[in-house]
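Beneath this line is the structure, given in structure tokens, with notes to follow.
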Amino acid sequence: MSPASGNLFFEAIVCARFHGLLPSLNGNHAGRMKRIDFDGESPAQIAKELKDTYRIE
Numbered sequence: 542m543s544p545a546s547g548n549l550f551f552e553a554i555v556c557a558r559f560h561g562l563l564p565s566l567n568g569n570h571a572g573r574m575k576r577i578d579f580d581g582e583s584p585a586q587i588a589k590e591l592k593d594t595y596r597i598e
């Protein structure tokens, strides 16, 4: 296994475990995190769509 494929394997495991935790989060946070981290959407675009401010905390 090459280092790159090892990183992809590790990333897949972490993503799968994190995805399982989403239902335990506040609905707004879970939905936004899914859209950004799993669907690849832009945080700024989501904020614009939801008429919210985009900030990193």
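All residue numbers in the sequence shown are consecutive under my numbering, ending with 598. Where is the CB? At the ideal position from N, CA and C, for every residue including glycine. Quick caveat: nothing in here was measured; it's all calculated off a predicted structure.
Item, Value
"Secondary structure of residue 578, DSSP reduced to three states", "helix"
"Test item: CB-CB of residue 564 and residue 557 under 8 angstroms", "no"
"Residue 591, DSSP secondary structure in three states", "coil"
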